[in-house]
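*Asks:* For the sequence shown, counting from 1, position 194 maps to 194 in full-length UniProt numbering; every step adds exactly one.
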Amino acid sequence: MSRRRQAEPVVPPGPTPVAGGTAELLGDADRDGSWVLMVDGTPQSHVDLEDPTHLEFEYVRRMGHVLDLAAEEGRPIDVVHLGGGALTLPRYVAATRPGSRQRVVELDQPLTELVRAHLPLPRDARVRVRAADAREGLAALPRAGADVVVSDVFAGARTPGHLTSVEYAQEAHRVLRPGGTYTANVADGPPLRFTRTQVATLRAVFAHVCLLAEPGTLRGRRFGNLVAVASDAELPIPALVRRCAADPMPSRVVEGADLDRFAGSAQPVHDADAVASPEPPEGVFSR
Numbered sequence: 001m002s003r004r005r006q007a008e009p010v011v012p013p014g015p016t017p018v019a020g021g022t023a024e025l026l027g028d029a030d031r032d033g034s035w036v037l038m039v040d041g042t043p044q045s046h047v048d049l050e051d052p053t054h055l056e057f058e059y060v061r062r063m064g065h066v067l068d069l070a071a072e073e074g075r076p077i078d079v080v081h082l083g084g085g086a087l088t089l090p091r092y093v094a095a096t097r098p099g100s101r102q103r104v105v106e107l108d109q110p111l112t113e114l115v116r117a118h119l120p121l122p123r124d125a126r127v128r129v130r131a132a133d134a135r136e137g138l139a140a141l142p143r144a145g146a147d148v149v150v151s152d153v154f155a156g157a158r159t160p161g162h163l164t165s166v167e168y169a170q171e172a173h174r175v176l177r178p179g180g181t182y183t184a185n186v187a188d189g190p191p192l193r194f195t196r197t198q199v200a201t202l203r204a205v206f207a208h209v210c211l212l213a214e215p216g217t218l219r220g221r222r223f224g225n226l227v228a229v230a231s232d233a234e235l236p237i238p239a240l241v242r243r244c245a246a247d248p249m250p251s252r253v254v255e256g257a258d259l260d261r262f263a264g265s266a267q268p269v270h271d272a273d274a275v276a277s278p279e280p281p282e283g284v285f286s287r
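1. Kindly indicate which three-state DSSP category Asp273 falls into: helix, strand or coil?
2. Classify Ala272: buried if its beta carbon has 16 or more other beta carbons within 10 angstroms, exposed otherwise.
3. The beta strand (DSSP E) that contains Leu119, what's its start and end?
4. Considering only the alpha carbon of each residue, which of Asp152, Ala207, Thr217, Gln267 lies closest to Val253?
5. Buried or exposed: residue 298, going by 16 or more other Cβ atoms within 10 Å of its Cβ?
6. Is the region 263-272 touching the region 188-207, taking contact as three or more C-beta pairs under 8 Å?
7. Can you name the residues that DSSP bridges to Glu24?
8. Threshold first: 3 residues or longer. Then list the beta strand (DSSP E) segments lying entirely within the region 62-99, N to C.
9. With Thr183 as the anchor, note down where its beta strand (DSSP E) starts and where it stops.
10. With contact counted as at least three CB pairs below 8 Å, one residue from each stretch, are the region 178-196 and the region 15-22 in contact?
11. Are at least three pairs of beta-carbons, each pair with one atom in the region 76-84 and one in the region 93-108, less than 8 Å apart?
12. Between Val66, Gly156, Pro52, Ala230, which has its C-alpha nearest Asp32's C-alpha?
13. Could you tell me the distance, in whole angstroms, from the CA atom of Gly14 to the CA atom of Leu25?
14. How about the region 39-48 and the region 86-102: do they share at least three Cβ pairs that are nearer than 8 Å?
15. Using alpha carbons as the reference points, say which of Val227, Thr195, Val209, Pro278 lies closest to Tyr59.
16. Of the choices Ala274, Trp35, Leu211, Leu69, whose alpha-carbon is the least far from that of Glu167?
17. Residues in its own chain within less than 6 Å of Ser2 by CB, not counting five upstream and five downstream?
18. Using only the alpha-carbon positions, how far apart do Pro142 and Val175 sit?
19. Taking only three categories from DSSP, how would you classify Asp147?
20. Among Phe57, Gln109, Pro178, which residue has its Cα nearest to the Cα of Ala131?
21. Can you tell me where the beta strand (DSSP E) holding Ala230 begins and where it ends?
22. Going by other Cβ atoms of all chains shown within 10 Å of its Cβ, with 16 needed for buried, is Met249 buried or exposed?
23. Taking the straight line between their C-alpha atoms, what separation do you get for Arg287 and Thr195?
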């Protein structure tokens, strides 16, 4: 796909107070026209304004594979994004599936205003952003109105507990059309106890679940981002395997009996006992 030149250069405003802390847009020295959104020193998003199909962060690339396989190539889809950041995946869907309708729920309205002012969306992107808590925004959406629900929500560097429960997954299931797909960013480190409970939680709601993860993270050697995928329809496992294996940083697809062994005796998490994802080790997100 050809790279599209932006009309005017981006002039970043410097460190900017937002609801979640201090945000800053940093130019990517290795890629012209690309920007990293940092919040309190943690990289939240990477955006290539000249080529929105480029997904720099590996876990975001894996979520992109899920979106690519959600329907026939190029067909418009309806997507709900829980967590907005710099709107990387909404830009990706707008570029790869023109005409798609997308709704974003992002609690931090000042952050959204910063992003839209300095990293504007393409004019033809059908993206609506609502300022709300992800759980509340999800509950307000109509039943069976989305083909894909993407959950990538962080308060600082942790996913809030109320976005990790069976009840939250049930709300996502309600919003999806029959056979629709749910995908979530799961940040975890050794011994991956949080991820195992998330697998059990999704299995309590959806008929089919898999994990996409870099081998070192999956073996508990380092803190990282794993991508959970769930649906009541059969997942496109062979296609996911091919795409994940071909990535610059190859990842594994864990499903079936392998996922049984990974989850072990982990139990689903409900609202009453849900906790936030683990705090990442100091320096893990340093650039």
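Glycine is no exception: its CB is placed at the ideal position from the N, C-alpha and C atoms. Source: prediction; values computed, not measured.
*Replies:* Quick look at the numbers:
1. helix
2. Per the 10 Å Cβ criterion, exposed.
3. Element bounds for Leu119: n/a, residue is neither H nor E.
4. Thr217
5. Summary: the structure shown does not reach residue 298, with the chain confined to residues 1 through 287, and so no result is reported for it.
6. yes
7. BP columns for Glu24 point to Met38.
8. 78-82
9. Run containing Thr183: 176-188, per the beta strand (DSSP E) assignment.
10. no
11. Contact between the region 76-84 and the region 93-108 is present: three or more C-beta pairs spanning the two stretches fall below 8 Å.
12. Pro52
13. C-alpha separation (whole angstroms): 7 Å.
14. yes
15. Val227
16. The shortest Cα separation from Glu167 among Ala274, Trp35, Leu211, Leu69 belongs to Ala274.
17. Its pLDDT being 40, under 50, Ser2 is placed unreliably in this model, and the coordinates cannot settle the point.
18. 6 Å
19. Strand.
20. Gln109
21. 224-231
22. A residue is called buried when at least 16 other Cβ atoms come within 10 angstroms of its Cβ; Met249 does not meet this threshold and is exposed.
23. Only weak support exists for where Arg287 lies, its pLDDT of 45 falling under 50; the value from the coordinates is given anyway. Their backbone Cα atoms lie some 25 Å apart in a straight line.
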